[in-house]
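Each remark here refers to the structure printed beneath this line.
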Amino acid sequence: MYTCSLERMKDKIKTFSTFGDAGHGGITRYSLSPAAIQARNEFIRRMKAIGAEIETDDVANIYATLPGSDPAAKRIVMASHVDSVKNGGNYDGILGVMSAMEALETVASEKIPHRHPLTAMIWTNEEGSLYPPAMMCSGIVCYDYLPEDIAQKFKYEDMLNSKSILDNKSTFGEALEASGFKGERKNRISPEKYQYMFETHIEQGPILEDEGCDVGVVDCVLGMFNYRVRFYGQTVHAGTFPMKKRRDAFYAASQALCWLHEEIDRLGVPELVYTTGEVVCHPCVHTCVPDYFDFSIDARHEDPKVLEKVLAIVKSCADREWAGCRCEVVKAWNRDTVYWDKKLVGYVKSAAEGLGVSHRYIHSGAGHDAQFASYMLPTTMIFVQSKGGLSHCEPEYSTPEHCTEGASVMLNAVLRADQD
Ligand SMILES: [Zn+2]
């Protein structure tokens, strides 16, 4: 068993936290922004220092590769992202990149023999927080392997035209050209050149901490659905129209949302999570009774049968009348549970056991680039405990010890996979 260096990991955490430092403990590092380019350059500098060969593909994904002893063997890749959400933390995404770097640095410094070439990789634009959608470049690169309904959301031309949320004008394609990181399509990760993919990531939830586990052996990304529940009423004047005669779409929606929570909770399903995070209100003026209200509902669970039951409840909203308003339920999108490769999950578990790192199996509730990669290559993930379960916010934190353990678990799992 090999262990990664706590001191080197601490140094990386400190250095990468400066790129996009927002001044109060976290970062804003949009994909291909000057801050992200600093992080990319630092990655390249450190990887060149250990003799890795650097390549970029046509959507600016970066690959740093140490050759193996067998020139015919396919690459094993460890990948994550350097971009963040607005006012995000110092660990989401970048921990996976730092762990991949740390694994390669350990291989180089300890001269660990390996047959396959080993690659550390940066995916471009995972968060999609400046140029939507999320997981854009894994969507583009894995396009031919994705289920059709997912693939159609990641057409290359559409992605290049994705507009900045800041000015609604400049495009991802322009940022790509200007970045200096646009390389060749032939360098894309593919099943012809790559054998396995690993991604280390913070948990982004409280389960590992609550159970006193340092590392999570991730077995799947949860299936989910995302629907819109819409209410149609009538706008009238807030001062002149009697309460009894109103058809207030906001009031209708609030009643329906409370009812949904009661009905879904009545199912009593452990590990089910559901969220209303986005609303639209029209005309959204304080002197007007709203004639339209629309809320999202996102539900996630491993078992499709559970999701079917929840969906039946959501859909039944449309059969009822809510404060005199008509209700409509419309599908936004859904995805099935994506299971990681069982053999690789086993390698991760054995690595954690061999190193004596406390661990448990865990599902991923969030989407990751690894999820799209898994349609193309055998793939798996390792989670590192998140303090307080916080993420996508500035207080996001994982201890350097836990980060280093995560990297060591990945390194040993990769070295086991290298024997295949
Ligand atoms: Zn992430």
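Each residue of the sequence shown is one higher than the one before, starting from 5 at the first, in our numbering. From the three backbone atoms N, C-alpha and C, an ideal C-beta is built for every residue, glycine too. None of the values given here were measured: they were computed from a predicted structure.
By the DSSP assignment, the beta strand (DSSP E) with residue i in it spans what residues?
i	result
ARG33	No beta strand (DSSP E) contains ARG33, which DSSP labels as neither H nor E.
PHE387	383–388
SER84	79–85
HIS363	363–368
TYR278	277–279
ALA26	No beta strand (DSSP E) contains ALA26, which DSSP labels as neither H nor E.
LEU122	122–127
Could you name the residues of the same chain whose beta carbon sits closer than 7 Å to that of residue i, not counting the 5 residues immediately before and after it, in chain order?
i	result
ARG50	MET105
PRO195	MET380, LEU381
ASN191	GLU59, THR60, ASP61, TYR67
PHE245	VAL293
TYR34	ALA40, ASP87, SER133, LEU134
ALA253	PHE235, TYR236, GLY237, PRO294, ASP295, TYR296, PHE297, CYS329
Can you tell me which of the options puts its alpha carbon nearest to the alpha carbon of residue i?
i	options	result
THR280	GLY272, ASP295, SER258, HIS286	SER258
SER362	ASP214, LEU99, SER168, GLU57	ASP214
ALA43	VAL86, MET228, ALA155, GLY29	VAL86
SER9	LEU415, GLY55, VAL352	LEU415
ASP15	LYS78, ASN94, ILE366	ASN94
ASP373	PHE158, PHE229, VAL318, ALA76	PHE158
PRO38	GLY24, ILE31, GLY29	GLY24
TYR6	ALA26, HIS118, LYS52, HIS265	HIS118
ILE126	ASN65, GLU325, LEU261	ASN65
ALA327	GLN199, SER320, TYR236, ILE366	TYR236
THR110	SER73, ALA26, MET13, ASN91	MET13
PRO75	PRO121, ALA56, GLY55, VAL314	PRO121
PHE229	LEU36, GLU306, ALA421, ARG324	GLU306
ASP302	VAL273, CYS146, TYR278	TYR278
ALA112	TYR149, GLY72, GLU11	GLY72
HIS28	CYS224, GLY92, GLU266	GLY92
PRO436	VAL352, GLY30, THR22, ALA26	Since the first residue of the chain shown is 5 and the last is 424, residue 436 is not available in this structure.
CYS217	ASP345, LYS353, GLY272	LYS353
PHE376	TRP344, LEU359, GLU282	TRP344
TYR365	VAL222, ALA138, GLU207	VAL222
ALA336	VAL233, LEU99, PRO274	VAL233
LYS197	ILE80, CYS331, ALA179	ILE80
PRO287	ALA155, VAL240, GLY358	VAL240
ILE317	ASP424, CYS262, GLU114, ILE154	CYS262
PRO274	ALA370, LEU264, LEU311	LEU311
GLU266	TYR231, SER84, CYS321	CYS321
Could you tell me the boundaries of the alpha helix (DSSP H) in which residue i lies?
i	result
SER142	140–145
LEU348	346–359
MET102	98–113
CYS292	Neither: CYS292 is in no alpha helix (DSSP H) and is coded neither H nor E.
MET5	First-last for MET5: undefined, no H or E at that position.
ILE154	152–155
GLY184	No alpha helix (DSSP H) contains GLY184, which DSSP labels as neither H nor E.
GLU161	160–164
ASP373	373–377
Please list, in chain order, all residues of the same chain as residue i whose beta carbon is under 6 Å from its beta carbon, the five residues on each side excluded.
i	result
ILE58	ILE48, ALA68
TYR160	ILE144
GLN238	ARG251, ASP295
ALA124	ALA68, MET82, ALA104, MET105, LEU108
VAL89	GLU131, SER133, HIS396
GLY209	GLY393
ALA256	PHE235, TRP326, ALA327, CYS329
VAL63	THR128, CYS141, ILE144
VAL283	PHE299
SER368	VAL222, VAL225
SER378	VAL342
Excluding the five sequence neighbours on either side, which residues of its own chain have a C-beta within less than 8 Å of the C-beta of residue i, listed in chain order?
i	result
VAL219	LEU212, ALA356, VAL361, SER362, HIS363, ILE386, PHE387, VAL388, GLN389, HIS406, GLU409, GLY410, VAL413
LEU170	LEU134
HIS290	ALA242
GLY175	The question names Gly, yet the displayed sequence has Thr at residue 175. TYR135, LEU164, ASN165, SER166, LYS167, SER168.
PRO308	GLY227, ASP340, THR341
GLY358	MET5, ASN416
Are there any heavy atoms of ligand 2 lying less than 7 Å away from the beta-carbon of residue i, as far as the coordinates show?
i	result
TYR34	This structure simply doesn't include ligand 2; it includes ligand 1 instead.
Should residue i be flagged as near chain D, meaning a C-beta pair shorter than 8 Å?
i	result
MET163	This model lacks chain D altogether, as it is built from one protein chain only.
Whole alpha helix (DSSP H) runs in the segment 199–263 with 4 or more residues, listed along the chain? 211–214
Quick one: which unbroken alpha helix (DSSP H) runs of 4-plus residues sit fully inside the segment 301–338? Chain order, please. 308–320
Mind listing which residues have their beta carbon within less than 5 Å of any non-hydrogen atom of ligand 1? Chain order is fine. ASP96, GLY97
Taking only runs of the beta strand (DSSP E) that begin and end inside the segment 31–76, which ones reach a length of at least 3 residues, in chain order? 57–60, 66–70
Can you list the alpha helix (DSSP H) stretches of 4 or more residues lying completely in the segment 387–424, in chain order? Correct list: 404–421.
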